[in-house]
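Data block below; observations after.
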Amino acid sequence: MTGTAQSAAQSGEVLRLENITLRFEDSTALDRVNFVLRKGETCVIQGAAGSGKTVLLKIALGLIKPDEGRVFVFGNDMTNARERDWMDARARMGILFQEGGLFDSMTIEENVGYPLENIKAVNCPAAEVRPRVEEALQFVELGHTLEKVPGELSGGMRRRVGIARAVVTRPQLVLYDSPTAGLDPITATTIMALVAKERDTRQTATALATHRYQDGHLLANYIWDPERGELAPARGDCSAARTRFVVMGDGRMVFEGSQAELESSTDEYISQFARRWKE
-6 MTGTAQSAAQ SGEVLRLENI TLRFEDSTAL DRVNFVLRKG ETCVIQGAAG
44 SGKTVLLKIA LGLIKPDEGR VFVFGNDMTN ARERDWMDAR ARMGILFQEG
94 GLFDSMTIEE NVGYPLENIK AVNCPAAEVR PRVEEALQFV ELGHTLEKVP
144 GELSGGMRRR VGIARAVVTR PQLVLYDSPT AGLDPITATT IMALVAKERD
194 TRQTATALAT HRYQDGHLLA NYIWDPERGE LAPARGDCSA ARTRFVVMGD
244 GRMVFEGSQA ELESSTDEYI SQFARRWKE
């Protein structure tokens, strides 16, 4: 273990982005962005379409290389890492893209088991794949869908299968890209309850990009109650203390702080944006 990795392990740091800049032709997608996430922490990344939310997650996953800055994952400098090294890092990460990213021609069992069978660094014995898939689907309350295909499920159910696939490797870090986009309020709350369940059950570091203020409010104010099998209001500051909000605007991080700080901001752009989220 390198000195940087050892220091990150001691501090619980799982992701660090330093002075990240990314340009697309004549536009700047990200402009000197700094970001840190530790074990058990939640970061809600909010902003309008095109503000840099998704690009930030793709850089954290190694899907896009920044023009400037450095990327550290689990303490390792991944800025110029080989794809093989990124595959090793991704074995410890989960990702849910907006539409779930399921393979239409595969069964739900095959979809959820895909990371276990195709990411070598996960190192899952063949005999354990089916039990792990069943466990992940039970986690999202879809254990009965093993033999179905995505086209037989509703949009909300497909999103839940996407979460099952994201957590089947038992990751230390999960990245969610607009997990509630296009869903009705009740289904959106169900999805966010599963995000909180994963975070609180396994102390997973969570980065969630969303345009919905309600998503961040739920993560900051509710925790998963394993005895009742549902969300419960957080007592004191136990959840809020480990949940922070980031607001992206034109590729820049224009705000970082608590929910209370966000809502009390006197900055014209931030206050207008927060008000629009709640309307």
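My numbering numbers the first residue of the sequence shown as -6 and each following residue consecutively. Using N, Cα and C, we set each Cβ at its ideal position, and we do this for glycine too. No experiment lies behind these values; they were computed from the predicted model shown.
Taking C-beta to C-beta, are residue i and residue j nearer than 8 Å?
i	j	result
Ala159	Ile57	no
Gly106	Val126	yes
Ala225	Asn214	no
Gly40	Met241	yes
Asp208	Thr180	no
Arg192	Thr72	no
Pro59	Leu15	yes
Ala22	Gly244	yes
Thr194	Leu109	no
Ile184	Arg152	yes
Beta-carbon within less than 8 Å of residue i's beta-carbon, same chain only, minus the 5 sequence neighbours each way: which residues are those?
i	result
Glu140	Thr100, Ile101 and Glu102
Asn104	Leu95, Phe96, Pro143, Val154 and Arg158
Ser98	Val142
Tell me the DSSP bridge mates of residue i?
i	result
Glu249	Val239
Asp193	None, per the DSSP bridge assignment.
Trp217	Leu224
Glu121	Partner(s): none; Glu121 has no beta bridge.
Arg9	Val29 and Phe65
Tyr206	Partner(s): none; Tyr206 has no beta bridge.
Asp170	Ala202
Asp70	Phe65
Whose CA, out of the options, lies closest to the CA of residue i?
i	options	result
Thr182	Leu201, Thr162, Leu211 and Ala200	Leu211
Ala198	Thr21, Asp243, Thr14 and Phe67	Phe67
Arg25	Phe17, Ile13, Cys36 and Asp19	Ile13
Trp79	Pro59, Gly55 and Phe65	Gly55
Val167	Gly175, Leu176 and Leu187	Leu187
Asp177	Thr162, Pro164, Ala200 and Ser147	Ser147
Phe65	Ala253, Leu49, Val7 and Gly222	Val7
Glu285	Phe248, Gln252 and Ala253	Since the first and last residues shown for the chain are -6 and 272, residue 285 lies out of range.
Arg237	Gly175, Val122 and Glu254	Glu254
Give the secondary structure of residue i by DSSP, where H, G and I count as helix, E and B as strand, and everything else as coil.
i	result
Val64	strand
Val105	helix
Met99	coil
Thr162	coil
Ala198	strand
Ile38	strand
Gly45	coil
Arg83	helix
Phe17	strand
Asp177	coil
Ile263	helix
Leu212	helix
Leu139	coil
Ile57	coil
Ala112	First, the residue type needs correcting, since residue 112 is Ile and not Ala in the sequence shown. Here Ile112 sits in coil by DSSP.
Below 6 Å CB to CB, which residues in the same chain sit around residue i once its five sequence neighbours on both sides are set aside?
i	result
Gly5	Arg31 and Lys32
Phe90	Asp170
Lys113	none
Thr138	Ile101
Val29	Arg9
Met86	Pro164 and Leu166
Please tell me whether, using a cut-off of 7 Å, the distance from the CB of residue i to the nearest non-hydrogen atom of the ligand NAP is below it.
i	result
Pro118	No copy of the ligand NAP occurs in the structure displayed, which carries no ligand at all.
Excluding five sequence neighbours on each side, which residues of the same chain lie with their C-beta closer than 7 Å to the C-beta of residue i?
i	result
Lys190	Trp217
Lys46	Ile38, Gly40, Ala202 and Met241
Glu145	none
Val48	Leu15, Ala22, Leu23 and Ile57
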